[in-house]
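For what it's worth, the working numbering labels the leading residue of the sequence shown as 137, then goes sequentially. From the three backbone atoms N, C-alpha and C, an ideal C-beta is built for every residue, glycine too. Since the structure is predicted, the reported quantities are computational estimates derived from the model, not experimental observations.
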Amino acid sequence: MAVAGRKPARPVAKHARRNLTVWDAYARCAEACGPLSAPRGESPRVEFRSVVPPGRRFALTLLFAFTALVDLLLIGWLLLPAHVPGPGVIGIGDWRLTLARVSFCLVILVEVIRLVQVTVIWILAWNAKDPVPFTPPPGLRVAVLTTIVPSKEPISVVARTLRAMREISYPDGFLTPWILDEEDDPEVRRIADELGIMHFSRKGRPEYNQPSGEFRVRSKSGNHNAWRAEHESHYDVVAQMDPDHVPLTCFLERTLGYFRDPDVAFVVAPQVYGNMRENWVARGASMQQYLFNGVIERGGNGLDAPLLIGTNHLYRPDAWRQIGGYQDSIIEDHLTSMRVQGTVNPATGNPWKGVYTPDVIAIGEGPTTWTDYFNQQKRWAYGVWDVKLRRRAKAGIRLRARQRLLYGMVQFYYPSVAMSLLFGSLATIAYLIFGATAISLPGDPWLTLWSASLGSWLSVWLWLRRFNLADHERREAGISGMALTLFAGPIYVSAAFAALLRRPLAYAVTAKGELRSSESLRTFRLHLAWAAIAGALLGVNLAVNRHYATPQAWALLSLVVGMSPPLIAAVGRIAARGGATTSDDVPASGDLPAAVPRIPAPAASDRVENQLLLAPRLAEKTPGKEGAR
137 MAVAGRKPAR PVAKHARRNL TVWDAYARCA EACGPLSAPR GESPRVEFRS VVPPGRRFAL
197 TLLFAFTALV DLLLIGWLLL PAHVPGPGVI GIGDWRLTLA RVSFCLVILV EVIRLVQVTV
257 IWILAWNAKD PVPFTPPPGL RVAVLTTIVP SKEPISVVAR TLRAMREISY PDGFLTPWIL
317 DEEDDPEVRR IADELGIMHF SRKGRPEYNQ PSGEFRVRSK SGNHNAWRAE HESHYDVVAQ
377 MDPDHVPLTC FLERTLGYFR DPDVAFVVAP QVYGNMRENW VARGASMQQY LFNGVIERGG
437 NGLDAPLLIG TNHLYRPDAW RQIGGYQDSI IEDHLTSMRV QGTVNPATGN PWKGVYTPDV
497 IAIGEGPTTW TDYFNQQKRW AYGVWDVKLR RRAKAGIRLR ARQRLLYGMV QFYYPSVAMS
557 LLFGSLATIA YLIFGATAIS LPGDPWLTLW SASLGSWLSV WLWLRRFNLA DHERREAGIS
617 GMALTLFAGP IYVSAAFAAL LRRPLAYAVT AKGELRSSES LRTFRLHLAW AAIAGALLGV
677 NLAVNRHYAT PQAWALLSLV VGMSPPLIAA VGRIAARGGA TTSDDVPASG DLPAAVPRIP
737 APAASDRVEN QLLLAPRLAE KTPGKEGAR
């Protein structure tokens, strides 16, 4: 929205208009599961239906079988005795032969990892299921929470979310919006009071700011658990969303029905970004969510282990109390998901379960700077390693075989990308510096098989687009997302080493809006070092006059991985210098699509009075609970 009397900058205005079309597209996905159905019986079980019909399952399996066959042919061809470096197939010789054979094993491992990755996708797509949505039960007391760290997240961003939270529709129950303010900011208090939002802060309370555990200081889990300790017992269901995730009015209508099943511990919805047209980073980050929302989470439904995602979900307080709330982890949502699904509901004797709904019920903002994107990815990658390495964190979690399979496959992603990049680079170094050729291959067959393998893998990716949620997602090839994953490779390698060396990583809030992190050479220090090493290797190789296309191509790829992020950032900065000015040019809450309602806010005093009047009536409907305060 432009300032009066000033013409908005053309590039930003264009991005703003395009972002609004993305918002509209996602708002139309609010009923992806179909119409709400009336439950059968007092305690109905959540039912699921397959996402992939039989005909498409057959096509999927044929496509996967072809891809796997090509990969196996490539691996088998690489393992032919004639391609193993040195005389004989096994054994070692001098240091050069030993290095060559170690490099040979690394190259084979890279191809095996790629085969495992495509197998994982096939398993998840085969098992993909959607839940059948129920109508919401009446009379529930629901708390809707969001959080803010005012030094990292603009108040204007969270104010937009707070306004939308007030308009969430649940006419047959009791809804209380809350904001959990880490810094007890006076401006946040003022806005909360104006909008009739309940305010909570743990600042200045040592019992809720501990160095570790349930109330860890400066952590999302600690912030939520502090609120839980004082207020959770007054509610039947708690919903929470990140401060940049604007809920649609149907947020509760599309999710509360699943809690009719007494074993449902949480319901999670897609994480989508409405600002994907803002720049290249935002676009790539958004595309990285397509496969996760469309296939991976649905596969989690089929394997009885949908992943809890912290950006927007609902949970049953009884289940959270049983496991001690959000777990103390840098990826608290992931470990909490494992913990609750590995715990038995004492009321029924069945394991607690989660439900993933593909209904888009909140629209958020993805990272828009390389600094924020890299921080986000390092936290996620480090967190996966940390969960796998810390046995104590997983103590007492008893997952079933299907659930262990799901978590094993999901947790394989970040290590697999890191290992592929690292192993390929080490094999390249062995040849370019020491002349230790990992594999001696005729060029044409190698190029043909490798191209066929890569092409078949891409065909699987493109075929799976039909299960993406929104129309624009199904039309896009997702090249930006693939490239961004490749560019994040050095970050994944760094996160792996940090976790393996037990170096602590502090929780970092993904900065948003005008408080987004700036970019400097420090942002790209890993990438510049990666590019410098690759460039030096190529220079040494050319100087000693060794010519072998495969390691040279890998070194060139490493150079591209290292140099592309800073170059893209520089081009983006130059392009923005002539137009981008203030946040006033970006769509504000007043410019949001009609799916996000805008009506006058009640006064805070009226809101509190309504709560006091409604609480006794709702307490009568749900015996044994205190009225909400």
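Option nearest residue i by Cα separation, candidates the options
i	options	result
residue 186	260, 220, 623 and 451	260
residue 667	679, 659, 656 and 691	691
residue 177	405, 270 and 238	270
residue 182	612, 541, 173 and 190	173
residue 175	517, 252, 392 and 295	392
residue 256	218, 158, 597 and 459	597
residue 660	639, 624, 642 and 633	624
residue 492	164, 403, 502 and 472	403
residue 427	188, 247, 601 and 620	601
residue 561	674, 501 and 605	674
residue 564	246, 160 and 191	246
residue 170	540, 367, 184 and 473	184
residue 355	446, 179, 292 and 385	446
residue 344	365, 325, 324 and 326	365
residue 360	558, 484, 437 and 460	460
residue 672	698, 502 and 518	698
residue 327	312, 357, 358 and 292	292
residue 168	620, 603 and 633	603
Distance between residue j and residue i (C-alpha atoms, nearest Å)
i	j	result
residue 205	residue 670	32 Å
residue 693	residue 299	47 Å
residue 85	residue 658	There is simply no residue 85 to check, as the chain begins at 137 and stops at 765 in what is shown.
residue 369	residue 279	11 Å
residue 346	residue 467	18 Å
residue 310	residue 277	5 Å
residue 275	residue 395	13 Å
residue 296	residue 282	11 Å
residue 498	residue 504	19 Å
residue 351	residue 705	38 Å
residue 373	residue 581	60 Å
residue 713	residue 626	29 Å
residue 556	residue 566	16 Å
residue 412	residue 508	15 Å
residue 618	residue 485	44 Å
residue 610	residue 438	22 Å
Counted within 10 angstroms of its Cβ, other Cβ atoms place residue i as buried (16 or more) or exposed
i	result
residue 154	exposed
residue 348	exposed
residue 429	buried
residue 194	exposed
residue 231	exposed
residue 152	buried
residue 266	buried
residue 304	buried
residue 743	At residue 743, the pLDDT of 36 sits below 50, so the modelled position is not reliable; the number obtained from the coordinates is stated separately. Per the 10 Å Cβ criterion, buried.
residue 444	buried
residue 308	exposed
residue 515	buried
residue 591	exposed
residue 637	exposed
residue 544	exposed
residue 654	exposed
residue 734	Annotation note: pLDDT 36 at residue 734 (below 50); position unreliable, coordinate value reported separately. Label assigned to residue 734: exposed.
residue 312	buried
The ligand HEM heavy atom lying under 8 Å from the CB of residue i
i	result
residue 482	Absence of the ligand HEM is noted for the structure shown, with no ligands found whatsoever.
Beta-carbon proximity of residue i to residue j, cut-off 9 Å
i	j	result
residue 317	residue 286	yes
residue 595	residue 199	yes
residue 538	residue 401	no
residue 489	residue 399	yes
residue 389	residue 306	yes
residue 410	residue 162	yes
residue 342	residue 433	no
residue 631	residue 689	no
residue 593	residue 294	no
residue 211	residue 251	yes
residue 208	residue 570	no
residue 696	residue 568	no
residue 552	residue 249	yes
residue 322	residue 165	no
residue 196	residue 258	yes
Quick one: any contact between the stretch 378 to 385 and the stretch 455 to 462, if contact means 3 or more CB pairs under 8 Å?
-> no
contact_flag[the stretch 407 to 416, the stretch 324 to 339] where n(CB pairs < 8 Å) is 3 or more = no
Meets three-Cβ-pair contact criterion under 8 Å: the stretch 311 to 331 and the stretch 230 to 244 | no
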